[in-house]
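Since the structure comes first, as structure tokens, the remarks are kept for the end.
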Amino acid sequence: MIYLDNNATTAIDPQVAEVIAAEFQRGPANPSSQHAIGRSSSDRLDDAILRIGACLGSDLSLPGGARLITTSGGTESNNLALAGLATPDSPLIVSSIEHASVIAFAEQAKKSGRQVHVLPVTPNGVVRIDALQQTLATLDADQAVVSVMSANNETGVVQPIAEVAEVCRQAGALLHVDATQSIGKLPATVNEIPAAAITVTPHKFHGPAGVGALWIDAGIKLRPLLFGGEQQLVTRPGTEPVALILGMAKALEIAVEKQSAVCQQMVSRRDQFEATLRRECAGLLIHGENEKRLPGTSCVSFAGTDRQSMLMALDFAGVACSSGSACSSGSSPPSHVLLAMGCPDWAVESAIRFSLCRFSTDEEIADAADRICRVYNRLRS
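Below, the structure is given as structure tokens:
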């Protein structure tokens with residue numbers, strides 16, 4: 001099986017697995033315990049947090065400075081940011097192509113009476129800055145929370161976060177960035193992602209699943225979603241999974257160290273992959289191809305087929321891919337991202353996402369492209 005579903009989750013790096021295993025082998029440890037074993041665990045946890053901050057270009061040791069809240073993953077981090085950055089009655093602005101954890105939160109918040117605004121995108125899948133400016137101009141902007149992802153999980157299109165951040169800064173709004181897909185693949189410092197809060201998810205860059213983080217800028221207050229403990233300054237109570245957090249730190253260090261070289265390799269492989277598909281398959285549409293994209297993401301619509309048939313046939317052919325976000329692929333509903341981009345029905349109904357990783361090889365990408373073309377041409381005929 002050739003695995004091309006890395007935007008859903010990635011294989012854990014063996015070096016990361018070793019770090020996690022070594023921590024588990026130390027035996028039971030709760031960093032909140034006051035005995036020597038607990039204190040030692042707390043020291044390792046604090047060191048991992050500082051290392052994550054260093055990778056993000058953020059000194060987390062400064063009193064009153066930025067801090068990192070560890071969570072169970074990207075969904076919790078996104079929900080914590082949207083619920084905690086402001087009061088429940090503050091305006092919430094999200095883009096129409098956000099991850100399901102943001103879209104669903106916004107829909108639920110609207111049902112509860114919160115003022116929610118959804119930003120449109122261009123046909124290429126880029127959030128419209130003019131729409132954000134117009135929306136903020138109609139609100140008490142200094143009370144608003146804006147959430148825009150750094151790069152889309154389905155199309156790979158990179159969003160203009162620097163421009164979004166500047167518009168929010170001028171209006172006094174707080175910006176949350178879901179950087180789940182870009183960290184580890186694109187430059188990851190808080191200078192490249194200027195925001196009040198940033199979501200980090202290590203299982204997207206060869207770290208462990210079941211853990212995540214929310215970076216919070218200095219001076220930003222965050223209301224908790226959970227109650228029942230004093231961990232993390234009561235912002236996110238619950239016993240910290242030290243082994244997973246150490247794994248997250250190690251995975252991020254490796255990703256940042258290798259980011260530049262890996263990015264070039266993945267772009268080359270993605271372009272080779274798409275060129276083969278174009279040459280061998282008639283009637284393709286590659287979404288966002290004229291915009292800056294994540295280095296390893298190809299969202300392709302195959303004319304004359306439907307996504308479910310393609311997925312099943314590709315699975316039998318030994319190619320693992322998806323029809324969109326892994327959070328909804330079980331039922332395979334139409335992509336809300338492609339619908340927001342105004343794509344024609346045939347393109348929405350036939351879209352498949354392929355996503356590479358740093359462990360992808362030239363040989364398997366060429367093999368995968370050949371299998372995909374054979375499947376498509378057989379189905380279409």
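Its first residue numbered 1, the sequence shown is counted upward by one per residue in full-length UniProt numbering. We put the CB at the ideal spot given by N, CA and C, even for glycine.
Tell me, to the nearest whole angstrom, how far the beta carbon of residue i is from that of residue j; I am working on the premise that it is less than 8 Å.
i    : j    : result
G84  : L222 : 4 Å
S96  : V118 : 5 Å
T10  : K204 : 6 Å
V102 : A251 : V102 to A251, Cβ: 23 Å. No contact.
D362 : R269 : 6 Å
G210 : G64  : Actually they are not in contact, since the Cβ atoms of G210 and G64 sit about 30 Å apart, beyond 8 Å.
A173 : V145 : 7 Å
Mind checking which residues open and close the alpha helix (DSSP H) that includes residue i?
i    : result
H203 : No alpha helix (DSSP H) contains H203, which DSSP labels as neither H nor E.
D46  : 36–55
L339 : 336–340
A17  : 14–25
V167 : 161–171
Within a Cβ cutoff of 6 Å, which residues of the same chain sit near residue i, ignoring the five residues on either side of it in sequence?
i    : result
P334 : V348
S41  : A29, P31, V242
S329 : Residue placement at S329 is flagged as unreliable, the pLDDT there being 48, under the threshold of 50; the coordinate-derived value follows with that caveat. Contacts found: S322, S323.
I365 : R269, F273
Would a C-beta distance cut-off of 8 Å place residue i and residue j closer than the cut-off?
i    : j    : result
G125 : H287 : yes
G214 : T199 : Note that residue 214 is Leu in the sequence shown, not Gly. Yes, the Cβ-Cβ distance between L214 and T199 is below 8 Å.
I69  : M248 : no
A141 : A109 : no
S58  : V190 : yes
R114 : P88  : yes
A255 : G184 : yes
S147 : Q181 : no
E280 : S298 : no
I220 : L45  : no
N153 : H99  : yes
L62  : L50  : no
V167 : L139 : no
C357 : N6   : yes
R293 : V158 : yes
S355 : L4   : yes
Looking only at its own chain, which residues have a Cβ that is under 7 Å from the Cβ of residue i, when we skip the five neighbours before and after it?
i    : result
V267 : P295
A179 : S150, I193, I198, T199, V200
I372 : L277, L314, V319
A369 : F273, T276, L277
V234 : P224
F359 : A11
Just to confirm my understanding: we take residue i, look at its own chain, exclude 5 residues before and 5 after, and list those with CB closer than 8 Å. What are they?
i    : result
T135 : I93, H117, L119
L226 : R236, P237, G238
S350 : S301, F302, A303, G304, T305, D306, R307, M310
R374 : A317
For the beta strand (DSSP E) that residue i lies in, which residues bound it at each end?
i           : result
residue 383 : With the chain covering only 1 through 381, there is no way to say anything about residue 383.
I352        : 351–355
F302        : 297–302
G247        : Unbroken run through G247 is the alpha helix (DSSP H), 242–280; no beta strand (DSSP E).
L80         : Taken as a continuous stretch (DSSP letters only), L80 belongs to no beta strand (DSSP E), being part of the alpha helix (DSSP H) at 74–84.
D178        : 174–178
A213        : 212–216
V118        : 116–119
Taking the alpha carbon of residue i as the reference point, which residue from the options has its own alpha carbon closest?
i    : options                : result
P91  : S112, G74, T75, H99    : S112
I12  : T297, T201, G219       : T201
N290 : D370, T122, R353, T361 : T122
Q143 : R128, S350, R169       : R169
R128 : I161, A106, T138, V145 : I161
R378 : R39, Q232, G304        : G304
E107 : Q272, R278, L82, C357  : L82
G229 : P14, S33, I37          : S33
E76  : Q272, A282, F105, A218 : F105
Y376 : M341, C357, F316, L339 : F316
P344 : L285, V234, Y3, D130   : L285
L56  : R353, A195, R293, R374 : A195
Q231 : A218, T71, G212        : T71
I216 : G27, H35, N78, F359    : N78
A282 : A36, A22, V177, R380   : R380
L338 : V177, L186, G156       : G156
Any beta carbon of chain D sitting closer than 8 Å to that of residue i?
i    : result
K111 : No chain D is present in this structure, which holds just one protein chain.
I want to check one thing, is the minimum distance from the CB of residue i to the heavy atoms of the ligand SAM below 7 Å?
i    : result
Q232 : Judged by which ligands are present, the structure shown has none, so any question about the ligand SAM falls away.
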